[in-house]
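Chains as they are written, first to last, in the working numbering: chain A, 97 to 322; chain B, 97 to 322.
Notes to accompany the following structure.
Number of protein chains: 2
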Amino acid sequence: VVAAEHLTRLYGEGQAQVAALRDVEVAFQPGTFSAVMGPSGSGKSTLMHLLAGLDRPTSGTVTIDGVELNGLNDKKLTLLRRQKVGFVFQFFNLLPMLTAEENITLPLRIAGERVDEASLRQLLEAVGLADRKEHRPAELSGGQQQRVAIARALITRPAVIFADEPTGNLDSQSSREVLDMLRRAVDDLGQTIVMVTHDAQAAAVADRIVFLEDGRIVRDEGHLTA
Amino acid sequence: VVAAEHLTRLYGEGQAQVAALRDVEVAFQPGTFSAVMGPSGSGKSTLMHLLAGLDRPTSGTVTIDGVELNGLNDKKLTLLRRQKVGFVFQFFNLLPMLTAEENITLPLRIAGERVDEASLRQLLEAVGLADRKEHRPAELSGGQQQRVAIARALITRPAVIFADEPTGNLDSQSSREVLDMLRRAVDDLGQTIVMVTHDAQAAAVADRIVFLEDGRIVRDEGHLTA
Ligand SMILES: Nc1ncnc2c1ncn2[C@@H]1O[C@H](COP(=O)(O)OP(=O)(O)OP(=O)(O)O)[C@@H](O)[C@H]1O
Ligand SMILES: Nc1ncnc2c1ncn2[C@@H]1O[C@H](COP(=O)(O)OP(=O)(O)OP(=O)(O)O)[C@@H](O)[C@H]1O
Ligand SMILES: [Mg+2]
Ligand SMILES: [Mg+2]
Chain A
97 VVAAEHLTRL YGEGQAQVAA LRDVEVAFQP GTFSAVMGPS GSGKSTLMHL LAGLDRPTSG
157 TVTIDGVELN GLNDKKLTLL RRQKVGFVFQ FFNLLPMLTA EENITLPLRI AGERVDEASL
217 RQLLEAVGLA DRKEHRPAEL SGGQQQRVAI ARALITRPAV IFADEPTGNL DSQSSREVLD
277 MLRRAVDDLG QTIVMVTHDA QAAAVADRIV FLEDGRIVRD EGHLTA
Chain B
97 VVAAEHLTRL YGEGQAQVAA LRDVEVAFQP GTFSAVMGPS GSGKSTLMHL LAGLDRPTSG
157 TVTIDGVELN GLNDKKLTLL RRQKVGFVFQ FFNLLPMLTA EENITLPLRI AGERVDEASL
217 RQLLEAVGLA DRKEHRPAEL SGGQQQRVAI ARALITRPAV IFADEPTGNL DSQSSREVLD
277 MLRRAVDDLG QTIVMVTHDA QAAAVADRIV FLEDGRIVRD EGHLTA
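Now the structure itself:
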């Protein structure tokens with residue numbers, strides 16, 4: 097459902113130039129759960145942002161559901177992303193002036209879609225925030241904010257969800273619950289998930305683990321279909 | 097070196113009131129390394145902010161080196177904090193317009209102290225950021241930003257360091273290096289560290305583990321002196 101070829105992302109020039117990603121080639125099949133691991137600074141977030149169309153590569157291509165992103169102008173790219181992509185950012189990127197509930201339903205309201213109260217309530221329960229939905233991010237703990245970000249990515253049931261360290265701020269209990277939820281989204285709803293994680297337990301839930309090092313893929317194992 | 101008595105922190109009123117901390121009593125001895133663990137939302141960050149004088153309790157007292165914080169006006173409290181406390185925030189709180197190096201040396205420059213180039217270089221090496229010191233936070237990966245925040249807390253060699261999830265965004269290699277560094281600060285420099293973590297491996301480095309649940313301390317084991 098999402099594929100990259102010769103993907104390269106460079107920052108800066110000359111001496112100070114940083115190669116965040118170098119000639120990366122990878123494809124993720126529909127209905128699979130993949131983990132992306134690697135040392136701090138190895139290019140994981142950069143890869144995720146490029147695959148989700150949130151950033152443009154220095155060279156190479158990204159294709160989502162057969163559509164090559166390079167060929168899209170910003171407007172069309174935004175539309176594609178809105179329809180097909182869910183993203184859990186490493187630092188949540190919640191809107192501080194909105195409540196947890198408003199942050200979660202924002203993608204639906206932007207798309208002009210109706211909010212199904214029942215499934216919203218179910219989602220809030222699933223992430224353990226039913227009693228916090230009126231709170232703004234500043235009134236929530238780190239892990240609670242992270243769970244809001246996760247619910248927000250799930251609510252539109254996108255074709256592919258990119259989750260950048262979704263359990264980084266969660267205790268083991270909440271982590272398990274979130275990972276179970278993501279696993280179910282793949283197994284029951286046929287969603288595709290690409291998850292960056294440093295947590296071996298989180299990776300264990302995935303069908304496949306892609307290892308990055310210094311901007312390159314150095315290992316890619318699993319390939320088990322869901 | 098830092099102690100709390102009958103520490104309570106409430107948010108909001110009536111029905112919506114949240115008791116982040118309820119009547120907490122705890123003391124941390126000089127030269128010890130303590131971990132604070134507990135479920136997401138259990139009050140860990142709140143406890144840390146109150147102990148570090150970054151927030152005021154609803155009731156109860158905090159004492160740092162014998163000085164009771166309630167008796168201090170904001171100006172005096174800021175001075176005490178600057179002299180005695182180092183803090184690694186759960187979300188780093190770096191200044192976006194400053195480079196990594198400038199963020200790290202900021203506490204020294206604010207205190208009007210000279211920056212010792214040699215120990216600065218050593219610290220940058222220790223956190224693996226020597227080649228990134230000219231980058232601004234937006235040009236750094238999540239884990240790199242976290243390491244800047246850690247170096248910033250260490251540079252003034254404060255009496256007590258509060259670290260809120262210092263390894264949350266780090267791969268296992270960088271985590272180990274950071275934890276070794278914190279352990280050495282306690283063993284070699286007699287510093288006191290109170291570290292919030294969800295990571296059992298990180299907690300294993302500590303002398304003592306304090307468990308929070310729903311705003312209360314439910315377990316407190318170790319008490320081994322360094
Ligand atoms: N300004 C606020 N208004 C209302 N409730 C708040 C506010 N700040 C924190 N809380 C609540 O206080 C409780 C404790 O928050 P705290 O950030 O201390 O938890 P934590 O243990 O650090 O959680 P995490 O592991 O998720 O970071 C949470 O339930 C949180 O929602
Ligand atoms: N705007 C930028 N300018 C310069 N270098 C950058 C910029 N953004 C990212 N980098 C560099 O690109 C490399 C990859 O960054 P990236 O955020 O993808 O790493 P990561 O694997 O997600 O790390 P972490 O596990 O610490 O989150 C890092 O070395 C980082 O410093
Ligand atoms: Mg990252
Ligand atoms: Mg916290």
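Note that beta-carbon positions come from the ideal geometry of N, C-alpha and C, so glycine has one too.
For clarity, every value in this text was computed on a predicted model and none was experimentally measured.
Short CB-CB distance (under 8 Å) between residue i and chain B
| i | result |
| --- | --- |
| N169 of chain A | no |
| H294 of chain A | yes |
| N199 of chain A | no |
| D267 of chain A | yes |
| F187 of chain A | yes |
| Q240 of chain A | yes |
| R261 of chain A | Note on identity: in this sequence residue 261 of chain A is Glu, with Arg being the wrong assignment. It does: the Cβ of E261 of chain A has a partner Cβ on chain B nearer than 8 Å. |
| G311 of chain A | no |
Cβ-heavy atom distance, residue i to ligand 4, below 7 Å
| i | result |
| --- | --- |
| G238 of chain B | no |
| S186 of chain A | The sequence shown places Gln at residue 186 of chain A, rather than the Ser named in the question. Not so, every heavy atom of ligand 4 lies at least 7 Å from the Cβ. |
Proximity below 8 Å, CB of residue i to CB of residue j
| i | j | result |
| --- | --- | --- |
| T263 of chain B | L250 of chain B | no |
| A300 of chain A | S271 of chain A | no |
| G156 of chain A | A196 of chain A | no |
| D316 of chain B | V292 of chain B | no |
| G139 of chain A | L165 of chain A | no |
| G134 of chain B | E309 of chain B | yes |
| A281 of chain A | T252 of chain A | no |
| D267 of chain A | S237 of chain B | no |
| V59 of chain A | L103 of chain A | This structure cannot settle anything about residue 59 of chain A, because the visible part of chain A is limited to 97 through 322. |
| V120 of chain A | I313 of chain A | yes |
| R228 of chain A | Q242 of chain A | no |
| F183 of chain A | L143 of chain A | no |
Contact test: residue i Cβ vs ligand 3 heavy atom, cutoff 7 Å
| i | result |
| --- | --- |
| Q242 of chain A | no |
Contact with chain A by residue i, beta-carbon distance below 8 Å
| i | result |
| --- | --- |
| F124 of chain B | no |
| L320 of chain B | Here the model assigns L320 of chain B a pLDDT of 40, short of 50, so the residue's position is not dependable and the matter cannot be decided. |
| L287 of chain B | Sequence check: residue 287 of chain B is Gln here, not Leu. Not an interface residue. |
| F258 of chain B | no |
| P192 of chain B | no |
| S350 of chain B | Nothing about residue 350 of chain B can be reported from this structure: the residues present for chain B run from 97 to 322 only. |
| G134 of chain B | yes |
| G264 of chain B | yes |
| G149 of chain B | no |
| G130 of chain B | Here residue 130 of chain B is Ser; the residue named in the question, Gly, does not match the sequence. Not one chain A Cβ lies under 8 Å of S130 of chain B. |
| S270 of chain B | yes |
Contact test: residue i Cβ vs ligand 2 heavy atom, cutoff 7 Å
| i | result |
| --- | --- |
| T142 of chain A | yes |
| E235 of chain B | yes |
| G110 of chain A | no |
| A116 of chain A | yes |
Closer than 7 Å: residue i CB and nearest ligand 1 heavy atom
| i | result |
| --- | --- |
| S136 of chain B | yes |
| N265 of chain A | yes |
| R228 of chain A | yes |
heavy atom of ligand 6 below 7 Å from residue i C-beta
| i | result |
| --- | --- |
| D260 of chain B | No copy of ligand 6 appears in this structure; the ligands present are ligand 1, ligand 2, ligand 3 and ligand 4. |
Closer than 8 Å to chain C by CB, residue i
| i | result |
| --- | --- |
| G137 of chain A | In the structure shown, chain C does not exist; the protein chains are A and B. |
Is it true that the stretch 117-128 of chain B meets the stretch 166-186 of chain B, where meeting means three or more beta-carbon pairs spaced less than 8 Å apart? Counting Cβ pairs under 8 Å, fewer than three are found: no touch.
Evaluate contact between the stretch 246-261 of chain A and the stretch 175-194 of chain A, counting only Cβ atoms and requiring at least three cross-stretch pairs below 8 Å. They touch, by the three-pair rule.
Near-chain A residues of the stretch 223-239 of chain B (beta-carbon distance less than 9 Å), N- to C-terminal order: The residues in question are G224, R228, E230, H231, E235, L236, S237, G238 and G239.
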